[in-house]
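To start, the structure itself, in structure tokens.
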Amino acid sequence: PLVKEHLYQLTMGEAAFHHLPHPSDSERLRHYLPRNPCPTPPYYPQL
Amino acid sequence: IDDPPGLHEKTEYLLREWVNMYHSPAAGRDSTKAFSAFVQQMHQQGILKTDDLITRFFRLCTEMCVDLCYRALSEQTHSPTLIRAKCFHTLDAFVRLIALLVKHSGDNANTVTKINLLNKVLGIVAGVLLQDHEVRQTEFQQLPYHRIFIMLFIELNAPEHILENINFQVLTAFCNTFHILRPAKAPGFAYAWLELISHRVFIGRMLALTPQQKGWGMYAQLLIDLFKFLSPFLRNAELNKPTHFLYKGTLRVLLVLLHDFPEFLCDYHYAFCDVISPNCIQMRNLILSAFPRNMRLPDPFTPNLKVDMLSDIQHPPRILSNFANMIQPPSFKKDLDSYLKTRSPVTFLSDLRSSLQSNEPGSRYNIPLMNALVLYAGTQAIQHIHTKGLTPSMSTIAHSSHMDIFQNLAVDLDTEGRYLFLTAIANQLRYPNSHTHYFSCTLLYLFAEANTEAIQEQITRVLLERLIVNRPHPWGLLITFIELIKNPQFKFWNHEFVHCAPEIEKLFESVARSCM
Amino acid sequence: MVPDQFGIVGLLTFIKSAETDPSLVALAPGMDLTTLGLNLNSPDNLYSTFQSPWVDLPCRPQDIDFHVPAEYLTNIYVRDKLAPIKLNRYGEDLLFFLFYMNGGDVLQLAAAAELYNRDWRYHKEERVWITRAPGVEPVVKTNAYERGTYYFFDAQNWRKVAKEFHLEYDKLEERPSLPPTLHHNPNQ
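Chains as they are written, first to last, in this note's numbering: chain A, 12 to 58; chain B, 66 to 581; chain C, 7 to 194.
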């Protein structure tokens, strides 16, 4: 069975899951054309 | 504790000043003009007088940057983009200050001062993170720390002469810090941590650009940290959504490594398999499927493939783990070496089982010891056969002290121990090399010579479970299984366990069809 | 046979459990690794465009930072002088560029809306932008479809190509709608 430490890790991991890093967190600030992610239609090119 | 009176206010003033100077058009190229003026201010405020003051200054700056981020993140009305812009406005300035102080610490030739300062700052940020993690618990936010680490790493890997001179020490400093902050120690930082160690600049530096593969060992340690963290949850198949997400992210990173740096996975496969839970079959297969890029693997489905004739099976793979040292205690290693050399005393074999057992909670066997024993005995066997001018085959591997050990383990262990033992053997079935060939022969020999059907059933089980998962599949696994089902010597299809249930029959037929 | 989880029956039991328990799927049959958004057949390195372990797309070219000469970093000197971004001022070429280069971004939607304003229509099945050839009326026109000569924007070769086509109206996207709150950008 999972020990106390593992259960603590699961709890912390679950909390962190709700504010995951975003790719822009590792990128320079873009003043002119920042990322503005939003849902786009599935038939639009994504890549 | 006990910051000197007024230091907090001085630090706040200086940090604010620096942020303004950093963002001003008058900052100059790479903020150098601003930096020269700012260092004067730091001197005037007495910040650079003592090591203690410098340390406190950095700690307070880090805490202020972190506090600012928490305040920004709590503002519900703003968009995520705006919140991040607000946080990064200060964080990026702070990172630039650190980078400049490191670059200009001591004179140009003095790398020690620079690295000492970097280690100090990284240690401070890590310390603040761990304290924050402990205090805030589920309210902990990774953003400020993630930003500081990645932007500082990118800054310190700019193509500048001063930085190129200290690059390996910079990489070492970051790897040490990431090891301190590994997921087991800061699980709330785990996602940011994986993002950091899989960042394209980090991977590039650690695995591609650093000469003579000097970064490989440190990177392997970080992956081991990750696998160790995941292992208890994967072992228990405890895949709640967050853990499943982390596991999937890990698979993505491994796929990148398999594609771009297969030799890295080859060299460290042993260390990785030691910490990956036995039921993580696909992840393990991914690592075991790696082969050197200059190698052309013969198609395992080639009819009448003569594996014995491949030149690659003469050559041992590189294994950058000291598995011999993992055979503990030293007295056991001594007895093992003695038995391998002299095939005595016979009591060594009867005592083997108890030597492999473990009192660790949740683990009846010492898996790392089992793996080390198997690989050590196998490599010694290969050496022994080569010294006789022979190559491993079903006949040359038999009737030796090495095979005594393997046969004894196959017979004497209970089903769990046998499963772990056979898993250790199957972990060596990789690309064409002397280990793959030897251990393939060993598995087939154990099957042919088994005195109970249970042994044959478990050999089949260990191979089958690796074949029924989605790709990739290691070359050595495929050729071993194909040999087992095709070679009439093994009478594979005559065994009851192949036909015991319709689903099992269908499963074998399906796998055999895809193999043949 | 081996009666516990370490034999063939144990394996079969695990596989059967995985059919109904999603948390076991990842371990038992495992995942189809070709669906994780990585081009495993790429002749180029993957790490150099690897965006994140949590995203199944590689980096967009504009997101990959490089160390460029400091002289190139002019934004801080000119940002107050830059004209705000107004898509109705730009040529079609730039609008197509913005559309194709900003997948999953508000800018893609905004470019699509401006192309719509200029009588381009996005064909949802063909996944291509179409407009009527100027001055050329459709040969056939009904409530449901029309047939005639149209310009297709070929994104692979980056040019407009005239083609005869049977155009069904229900295959065309309606006017693209932008999200209610655009994120703040002082330049827009």
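Idealized CB from N, CA, C, for every residue including glycine.
Spell out whether any CB of chain B is found under 7 Å from the CB atom of Asn51(C). In the third sequence, residue 51(C) corresponds to position 45, counting from 1. True, the Cβ-Cβ gap to chain B drops below 7 Å.
Between which two residues does the beta strand (DSSP E) harbouring Lys169(C) extend? As a first step, residue 169(C) must be located in the third sequence, where it is residue number 163. Residues Arg165 to Glu174.
So for Thr137(C), helix, strand or coil by DSSP? If you number the third sequence from 1, residue 137(C) lands on position 131. Here Thr137(C) sits in strand by DSSP.
So what does Thr155(C) bridge to, in DSSP terms? The residue you call residue 155(C) lines up with position 149 of the third sequence. In DSSP, Thr155(C) forms a bridge with Glu170(C).
By DSSP, does Arg161(B) sit in helix, in strand, or in coil? Working through the second sequence from its first residue, we reach residue 161(B) at position 96. Three-state DSSP puts Arg161(B) in a helix.
I'd like to know if Asp10(C) contacts chain B, where contact means its C-beta is closer than 7 Å to some C-beta of that chain. For the purposes of this step, residue 10(C) is taken as residue 4 along the third sequence, with counting starting at 1. Yes, Asp10(C) lies at the interface with chain B (some Cβ there is under 7 Å from its Cβ).
Taking its Cβ as the centre, do 16 or more other Cβ atoms sit within 10 Å of Ala582(B), making it buried, or is it exposed? Shown here, chain B extends from 66 to 581; a query on residue 582(B) therefore has no answer.
Could you tell me which residues DSSP pairs with Gln47(B) in its beta bridges? Absent from the model: residue 47(B). The displayed extent of chain B is 66 to 581, so no value can be given.
Can you tell me whether DSSP reads His129(C) as helix, strand or coil? Start at 1 with the first residue of the third sequence, and residue 129(C) comes out as number 123. His129(C) falls in the strand class under three-state DSSP.
Leu144(C) to Trp126(C) span [Cα, whole Å]: Locating residue 144(C) in the third sequence gives position 138, counting from the first residue. Locating residue 126(C) in the third sequence gives position 120, counting from the first residue. Per the sequence presented here, residue 144(C) reads as Pro, with Leu not at that position. Straight-line Cα distance between these residues: approximately 15 Å.
Distance CB(Val15(C))-CB(Thr480(B)) smaller than 7 Å: Against the third sequence, residue 15(C) aligns to sequence position 9. Against the second sequence, residue 480(B) aligns to sequence position 415. No, the pair does not count as a contact, with Cβ atoms beyond the cut-off.
Cβ of Glu38(A) within 7 Å of any chain B Cβ: To locate residue 38(A), count along the first sequence from 1; it is residue 27. Not an interface residue.
Buried or exposed: Phe72(C), going by 16 or more other Cβ atoms within 10 Å of its Cβ? Your numbering for residue 72(C) matches position 66 in the third sequence. Looking at its Cβ environment, which holds fewer than 16 other Cβ atoms inside 10 Å, Phe72(C) is exposed.
Can you give me the Cβ contacts of Met435(B) inside the same chain, cut-off strictly under 7 Å, excluding the 5 residues immediately before and after it? Against the second sequence, residue 435(B) aligns to sequence position 370. Answer for Met435(B): Leu421, Leu485, Phe486 and Ala489, listed in chain order.
Taking the continuous alpha helix (DSSP H) assigned at Asp402(B), which residues delimit it? For the purposes of this step, residue 402(B) is taken as the residue at position 337 of the second sequence. Note, Asp402(B): alpha helix (DSSP H), Pro395 to Thr407.
Any beta carbon of chain B sitting closer than 7 Å to that of Leu44(A)? Counting from one through the first sequence, the residue named residue 44(A) turns up at place 33. Judged by the 7 Å Cβ criterion, Leu44(A) is not in contact with chain B.
Of all the options Gln393(B), Phe555(B) and Glu260(B), which has the alpha carbon lying nearest to the alpha carbon of Phe310(B)? Residue numbering aside, residue 310(B) sits at position 245 when the second sequence is read from its first letter. For the residues Gln393(B), Phe555(B) and Glu260(B), the minimum Cα distance to Phe310(B) belongs to Glu260(B).
Which of helix, strand or coil does DSSP assign to Asp117(B)? By 1-based counting over the second sequence, the position of residue 117(B) is 52. Helix at Asp117(B).
Applying a beta-carbon distance threshold of less than 9 Å, which residues of chain B neighbour Asp38(C)? Here the question's residue 38(C) lines up with position 32 in the third sequence. Going along chain B in sequence order, the residues near Asp38(C) (Cβ under 9 Å) are Asn535 and Arg536.
Hey, is Arg153(C) close to the ligand PLP, as in C-beta under 6 Å from one of its heavy atoms? Summarising the ligand content, the structure contains no ligands, and the ligand PLP is consequently not present.
Distance between beta carbons of Leu228(B) and Ile262(B), contact taken as under 8 Å: Indexing the second sequence from 1 puts residue 262(B) at position 197. Indexing the second sequence from 1 puts residue 228(B) at position 163. Contact doesn't hold; Cβ gap of about 20 Å is too wide.
Measuring only the C-alpha atoms, how far is Pro209(B) from Ala27(A)? Here residue 209(B) refers to the residue found at position 144 when the second sequence is read from its first residue. Here residue 27(A) refers to the residue found at position 16 when the first sequence is read from its first residue. Straight-line Cα distance between these residues: approximately 14 Å.
Which word fits Gly13(C), buried or exposed, when buried means at least 16 other C-beta atoms lie within 10 angstroms of its C-beta? Working through the third sequence from its first residue, we reach residue 13(C) at position 7. Under this definition Gly13(C) is a buried residue.
Kindly list, in the order they appear in chain C, the residues whose Cβ is closer than 8 Å to that of Ser263(B). Along the second sequence, one-based indexing puts residue 263(B) at 198. Ordered by position in chain C, the residues that pass the 8 Å Cβ test against Ser263(B) are Phe56, Ser58 and Pro59.
Please confirm whether Tyr510(B) has its beta-carbon closer than 7 Å to some beta-carbon of chain C. In the second sequence, residue 510(B) corresponds to position 445, counting from 1. So, not an interface residue.
Using only CA atoms, which one of His211(B), Ala285(B) and Asn559(B) lies nearest to His30(A)? Within the first sequence, numbered from 1, the residue matching residue 30(A) stands at position 19. Minimum Cα distance to His30(A) is reached at His211(B).
State whether the region 318–334 of chain B contacts the region 29–49 of chain C, with contact taken as three or more CB pairs (one from each stretch) at a distance under 8 Å. yes
Might you give, ordered along the chain, the residues of its own chain that have their beta carbon closer than 8 Å to the beta carbon of Val160(B), omitting 5 neighbours on each side? For the purposes of this step, residue 160(B) is taken as the residue at position 95 of the second sequence. Counting only Cβ-Cβ distances below 8 Å, and skipping sequence neighbours, we find Arg212, Ile213, Met216, Leu217 and Glu220.
Spell out whether any CB of chain A is found under 7 Å from the CB atom of Tyr106(C). In the third sequence, the residue the question calls residue 106(C) occupies position 100. Yes - at least one Cβ of chain A is within 7 Å of the one on Tyr106(C).
One or two residues paired with Val146(C) in a DSSP bridge: Taking the first residue of the third sequence as position 1, residue 146(C) is located at position 140. Looking at the DSSP assignment, Val146(C) forms a beta bridge with Arg153(C).
Coil, strand or helix - Asn191(C) by DSSP: Within the third sequence, the letter at position 185 stands for residue 191(C). Low confidence applies to Asn191(C): its pLDDT is 45, below 50, so where it sits in the model is not reliable enough to give any reading.
CA-to-CA distance, Ile70(C) to His169(B), given in whole angstroms: Against the second sequence, residue 169(B) aligns to sequence position 104. Against the third sequence, residue 70(C) aligns to sequence position 64. One C-alpha to the other measures close to 28 Å.
Thinking C-alpha only, which one of Met283(B), Leu194(B) and Gly482(B) is nearest Gln234(B)? As a first step, residue 234(B) must be located in the second sequence, where it is residue number 169. Per the Cα distances, Met283(B).
Between which residues of its own chain and Asn473(B) is the CB-CB distance below 7 Å, once the five residues before and five after are set aside? On the second sequence, position 408 is the one that residue 473(B) refers to. Excluding sequence neighbours, Asn473(B) sits near Leu414 and Leu417.
Which chain A residues sit within Cβ distance under 8 Å of Phe153(B)? In the second sequence, the residue the question calls residue 153(B) occupies position 88. Neighbours of Phe153(B) on chain A, chain order: Leu40.
Range covered by the alpha helix (DSSP H) that runs through Cys338(B): What you label residue 338(B) is simply residue 273 of the second sequence in a count that begins at 1. Here the alpha helix (DSSP H) through Cys338(B) covers His334 to Val340.
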